[in-house]
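Undergrad: Residue numbers (our numbering): 225 to 346. Where is the CB? At the ideal position from N, CA and C, for every residue including glycine.
#1: Which of the three DSSP states, helix, strand or coil, is assigned to residue 261?
#2: On a Cα-Cα basis, can you pick out the residue from 274, 308, 303 and 270 that is closest to residue 257?
#3: Which stretch, first to last residue, makes up the beta strand (DSSP E) that contains residue 256?
#4: Three-state secondary structure (DSSP) at residue 312?
#5: Mapping the DSSP letters down to three states, classify residue 242 as helix, strand or coil.
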């Protein structure tokens, strides 16, 4: 969780946890995850923060949260493990966070560069 006493609070949503959300959120995730970057959507008083890796050639790719500091989330994109057998199936790795207040800044944990939000999504 990303939070502090006077800071916004965001929680990572598991893939199974997404099922509880309104259809409009599910449709937004399905569409936005295809474009690499940070996507933000506001719905019923909550902000949804989607960090997407874009299209990948197999399910061995994934995004992980490496570290959380104050209002900053550091993520890392991991490729398949060396020697890992994976089916050649297109996937769209992503992380979904939900919270109130301003969305946290998202940085690449390797380069330290900001992963630029794509702007508010409809």
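TA: In short, the structure shows the following:
#1: Shown here, residue 261 sits in a strand according to DSSP, grouped into three states.
#2: Measuring from the Cα of residue 257, the nearest candidate turns out to be 274.
#3: Per DSSP, residue 256 belongs to no beta strand (DSSP E); it is in the alpha helix (DSSP H), 247–256.
#4: Residue 312: coil per DSSP, three-state reduction.
#5: Three-state result, residue 242: helix.
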